[in-house]
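Numbering (the UniProt record's numbering), first residue to last: 1 to 469.
We put the CB at the ideal spot given by N, CA and C, even for glycine.
Remarks on the structure that follows.
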């Protein structure tokens, strides 16, 4: 869509934003809010008009391409009614379990429909049918060019209120940066040599990962062309953050280390139950989404804008999942997976591989335009087995326009992989959501294996079987 009108244009898309808005690469963010009470159409429209759209001018701008081929934001008059969709599901006798399945099926179809070019690239779906988790489900479907998960979810939470005390801002957990740990442990010359070696290794693997290094075809990774457009299944497992803290007290590490080890162990259980060989002949690599801001704690929208950190500031860490410790999974110590994940993540933190890869993309974009970096990112993601992304939510109950938020989660449609994991914490609980290629991944078995993996990990650490949701 070219522009020759001379109309005032907002700044161009960030380089990363333009890469993920090409014919080859289209990423989205879907935030699913589960409300305790019914939420009407008029309430939703008022919320969009008076609260959501004014957060940032990008929510009232469309993407166009100027005469030089540069993607830009153009300010338009945004009418909330044009962005609100209210689906009709099949009649049910208030069978909430049935509506759970219908809601998940509906979510799986949303990303298959592109946004109209004449509107800002987002829409909201108001699902008024009750499920086991909500009276109303409010779904924010946004193009990733608008901003990364930190920007989008940070924007939403900045306008939500505390359910107990609406006059007070929401409280979030303090996010500690592993960079401080790295600076302390690697302050000597030997540490600098190690950092240089890790950086060279990671950068080389990132480059080769787009062209040569490729995970094998396994029960986790299909070779379906353009797999990002295949139907998906959505399942989730919820556990207590207290359980996570109990495990940390035994093996150390961060929450990310524990969840990465948990996922790795769950995947191995899944593979073994489907007869996958554990001889290590097939590579199994995860891409872990990294917030490049290196922040401590959650920042307000005003602070993000002032510091110029709104937008897309994420990187992808390539993390090798450990091979099978033993063909006999019953003899395996589940905590070994956490230890290996901790060692791998600490090594990644002691590396500038992601930084130099982003610089490579920048220079590649200067030469080829967005198409070159888009192809690089697409191939790198496609050649890996899974993706993991996480986000910290409030530690107290939030409210949306006075309606208490029972739970929330997010997924990232558009990833060219058969299997992705997104993780959120909220009100003392951690929710692991699995998005999988329908018909290839056995979603129910995968969910069962993840539950089993966590229960065995917790039992190994604390001698008890935790209650899972």
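Three-way DSSP call (helix, strand, coil) for residue i in this model
{"i": "residue 30", "result": "strand"}
{"i": "residue 42", "result": "helix"}
{"i": "residue 125", "result": "strand"}
{"i": "residue 404", "result": "strand"}
{"i": "residue 315", "result": "strand"}
{"i": "residue 143", "result": "strand"}
{"i": "residue 241", "result": "helix"}
{"i": "residue 367", "result": "helix"}
{"i": "residue 12", "result": "strand"}
{"i": "residue 164", "result": "coil"}
{"i": "residue 250", "result": "helix"}
{"i": "residue 158", "result": "helix"}
{"i": "residue 35", "result": "strand"}
{"i": "residue 55", "result": "helix"}
{"i": "residue 179", "result": "Note that residue 179 scores a pLDDT of 45, beneath 50, so its modelled location is shaky; the value from the coordinates is reported in the next line. Residue 179: helix per DSSP, three-state reduction."}
{"i": "residue 236", "result": "strand"}
{"i": "residue 305", "result": "Because the pLDDT of residue 305 is 42, which lies under 50, any placement of that residue in the model is unreliable, and the question is left without a value."}
{"i": "residue 411", "result": "strand"}
{"i": "residue 470", "result": "In the structure as shown, the chain begins at 1 and stops at 469. Residue 470 is therefore absent and cannot be evaluated."}
{"i": "residue 204", "result": "helix"}
Residue i to residue j span [Cα, whole Å]
{"i": "residue 111", "j": "residue 98", "result": "22 angstroms"}
{"i": "residue 355", "j": "residue 315", "result": "8 angstroms"}
{"i": "residue 52", "j": "residue 269", "result": "42 angstroms"}
{"i": "residue 420", "j": "residue 468", "result": "21 angstroms"}
{"i": "residue 60", "j": "residue 152", "result": "14 angstroms"}
{"i": "residue 386", "j": "residue 79", "result": "38 angstroms"}
{"i": "residue 367", "j": "residue 389", "result": "30 angstroms"}
{"i": "residue 439", "j": "residue 225", "result": "14 angstroms"}
{"i": "residue 55", "j": "residue 232", "result": "31 angstroms"}
{"i": "residue 450", "j": "residue 70", "result": "44 angstroms"}
{"i": "residue 22", "j": "residue 117", "result": "13 angstroms"}
{"i": "residue 513", "j": "residue 446", "result": "The chain is shown from 1 up to 469; residue 513 falls before or after that span and cannot be answered."}
{"i": "residue 145", "j": "residue 463", "result": "46 angstroms"}
{"i": "residue 215", "j": "residue 288", "result": "15 angstroms"}
{"i": "residue 393", "j": "residue 109", "result": "26 angstroms"}
{"i": "residue 95", "j": "residue 89", "result": "12 angstroms"}
{"i": "residue 38", "j": "residue 50", "result": "20 angstroms"}
{"i": "residue 382", "j": "residue 217", "result": "12 angstroms"}
{"i": "residue 222", "j": "residue 122", "result": "30 angstroms"}
{"i": "residue 453", "j": "residue 163", "result": "34 angstroms"}
{"i": "residue 82", "j": "residue 115", "result": "11 angstroms"}
{"i": "residue 239", "j": "residue 247", "result": "12 angstroms"}
{"i": "residue 143", "j": "residue 416", "result": "16 angstroms"}
{"i": "residue 128", "j": "residue 31", "result": "16 angstroms"}
{"i": "residue 296", "j": "residue 317", "result": "Legend: pLDDT at residue 296 = 41, less than 50; position of this residue unreliable, no value from coordinates given."}
Own chain, CB closer than 6 angstroms to residue i, minus 5 neighbours either side, in chain order
{"i": "residue 219", "result": "271, 274, 276"}
{"i": "residue 199", "result": "351, 352, 353"}
{"i": "residue 372", "result": "364"}
{"i": "residue 337", "result": "261, 264, 265"}
{"i": "residue 104", "result": "234"}
{"i": "residue 202", "result": "351, 353"}
{"i": "residue 259", "result": "423"}
{"i": "residue 312", "result": "14, 16, 17, 148"}
Residue interval of the beta strand (DSSP E) (run including residue i)
{"i": "residue 224", "result": "Run containing residue 224: none; DSSP gives neither H nor E here."}
{"i": "residue 388", "result": "386-392"}
{"i": "residue 421", "result": "419-426"}
{"i": "residue 66", "result": "61-66"}
{"i": "residue 436", "result": "429-437"}
{"i": "residue 397", "result": "Per DSSP, residue 397 belongs to no beta strand (DSSP E) and is neither H nor E."}
{"i": "residue 72", "result": "71-75"}
N- and C-terminal bounds of the alpha helix (DSSP H) containing residue i
{"i": "residue 343", "result": "335-349"}
{"i": "residue 459", "result": "443-462"}
{"i": "residue 272", "result": "255-273"}
{"i": "residue 16", "result": "15-19"}
{"i": "residue 89", "result": "Run containing residue 89: none; DSSP gives neither H nor E here."}
C-beta contact flag for residue i and residue j at 9 angstroms
{"i": "residue 18", "j": "residue 370", "result": "yes"}
{"i": "residue 157", "j": "residue 172", "result": "yes"}
{"i": "residue 170", "j": "residue 396", "result": "yes"}
{"i": "residue 119", "j": "residue 84", "result": "no"}
{"i": "residue 44", "j": "residue 126", "result": "yes"}
{"i": "residue 237", "j": "residue 33", "result": "no"}
{"i": "residue 358", "j": "residue 391", "result": "no"}
{"i": "residue 206", "j": "residue 345", "result": "no"}
{"i": "residue 16", "j": "residue 361", "result": "yes"}
Contacts around residue i, its chain only, beta-carbon distance under 8 angstroms, and the 5 residues preceding and following it disregarded
{"i": "residue 35", "result": "134, 135, 136, 137, 138, 400, 403, 404, 405, 406"}
{"i": "residue 456", "result": "265, 334"}
{"i": "residue 166", "result": "399, 402"}
Beta-carbon contacts of residue i that lie in its chain and below 7 angstroms, excluding the five residues immediately before and after
{"i": "residue 377", "result": "19, 25"}
{"i": "residue 436", "result": "232, 233, 418, 419, 443, 446"}
{"i": "residue 283", "result": "215, 216"}
{"i": "residue 375", "result": "24"}
Neighbour flag for residue i against chain D, beta carbons, 9 angstroms
{"i": "residue 28", "result": "Absent here is chain D; the protein component of the structure consists of one chain."}
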